[in-house]
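Report on the following structure.
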Amino acid sequence: PVAIAVLRGIERNQFSLDSNVTLRASDYVDGAGPTKGYPVGTPLTVRFLLEQMMVLSDNTATDMLIDLVGISEVNAVTQSLVPEGFSDITTLSDVRRRIYGQLTPAAARLSGPELLMLRQQRTDEERLQLLSRLTDTPVRRFRLASLDAAYAAYYAQGVNSARLDAYGELLARLVEGQALTPRWTAYLIALMERVQTGTHRLKAGLPGGLRFAHKTGTQRYRICDAGLIRTASPVAPAAGLTDAHQRRVLLVACTRGDVPVERSEAALMQVGAALCRSGLLNTSGVTDAITCHQAAIGAAPDTGTAAAADFRVR
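Numbered as in this note's numbering, the sequence shown ends at 1145 without a single skipped number.
Structure follows, in structure tokens:
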């Protein structure tokens, strides 16, 4: 939704890919990507921020883009394209404040640099101690006993979430050209094909030779991967390959549960491998098991990872 909102702003000539956005202290959010390493006041182009957000899942870049367009424009994207199935979206810094806010209301005042400091702590216990000092709230007065409990309470609120089928519908609207003009639809899908995160998730279970335009999401006890898979018919090169010879599959999958990230990613890899073995990725209708990733076969049995997926053939 954020990328679509930004590209709609470009379509309206409100700014361009080369427009600069100035990094503010309030933009800092922990997570992947290099943007949080730049000093306050650094001008960064919209192009750079889009690339960092999409390719590296850079949270600070994401919040800078949300500030650029306004959170109301981001929510307008989901409301206009998929009216049912999406909850309200906030900035990622607000996600952190809401999680810590399950422990103490004073967390609403946490600054961007303080969020970075909290993330740099090695253990949850150290994080709680620092939160206590930053908010001037004794740990014994926290409303919950642990960060795990804080995350559970935050998830129960349902904010910043969507049903898998709703997210799949958003991708479908994008792919079918209903979200952006053809130029910017192609730009965003090409950007999603460059994503570097989630190499051990859905992509690991898919056969080679595919074009996979996707976006990952990672948070405590929540691991997601979603995107567009495009494959060509084996006979298409001889006939002249065009989009008409491609099969397009939209796949959205998430796991949840108190298990290591590696197990969650293995579950998503199994989803990709299952799709491969289904034959949907072979336009001839014949499944070549040799081309399907076999690692999922040897994966350990599930002992707590709840996985769900939604897919559709376009």
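Note that beta-carbon positions come from the ideal geometry of N, C-alpha and C, so glycine has one too.
Only residues of its own chain outside the window of five on either side were considered, and among them Thr935 and Ala937 have a CB closer than 6 Å to the CB of Thr968, listed in chain order. In its chain, beyond the 5 residues on either side, Ser847, Leu848, Val877 and Trp1015 have a beta carbon closer than 8 Å to the beta carbon of Ile841. Residue burial annotation: Pro874 is exposed, with fewer than 16 other C-beta atoms found within 10 angstroms of its C-beta. Selection Pro865, Pro870 and Val871 evaluated against Glu882 yields Pro865 as nearest (Cα-Cα).
Annotation for Asp919: Asn906, Val990 and Asn991 place their beta carbon closer than 8 Å to its own, counting only its chain and skipping 5 residues before and after.
Rounded to whole angstroms, the Cβ separation of Asp1056 and Ala1097 is 12 Å, and the two are not in contact under 8 Å. Between Leu1033 and His1045, the C-beta gap is smaller than 8 Å, which places the two residues in contact. Comparing C-alpha distances from Arg1078 to each of Leu1059, Ile902, Leu923 and Met948 shows the shortest one belongs to Leu1059. When secondary structure is reduced to three states using DSSP, Phe973 falls in the coil class, being assigned neither helix nor strand. Nearest in C-alpha terms to Thr922, of all of Thr1012, Gly999, Tyr1052 and Asp858, is Asp858.
Note that the C-beta distance between Gln1027 and Leu880 is not below 8 Å.
Collapsing the DSSP output to three states places Leu1081 in a strand. Distance between Thr853 and Ile897, taken at the CA atoms: about 13 Å. Take the alpha-carbon of Ser977 and the one of Gln988: they are about 17 Å apart. If you draw a straight line from the Cα of Val1006 to the Cα of Tyr931, it comes to about 37 Å.
For Arg927, the closest of Thr1030, Pro914 and Met948 by C-alpha to C-alpha distance is Met948. For Phe917, the beta-bridge partners assigned by DSSP are Ala993. Look at Gln933 here: in three-state DSSP terms it is coil, with no helix or strand label. In the DSSP assignment, Ala1044 falls outside any alpha helix (DSSP H) and within the unbroken beta strand (DSSP E) covering Arg1042 to Gln1050. Straight across, the Cα-Cα distance linking Arg1042 with Thr891 is about 28 Å. Ranked by Cα distance from Asn851, the first of Gly872, Ala863 and Gly1110 is Gly872.
Using a Cβ distance threshold of 8 Å, Gly916 and Asp996 count as a contacting pair. In the three-state scheme derived from DSSP, where H, G and I count as helix and E and B as strand, Leu1011 is classed as coil. Rounded to whole angstroms, Arg1108 and Ile1054 show a C-alpha spacing of 23 Å.
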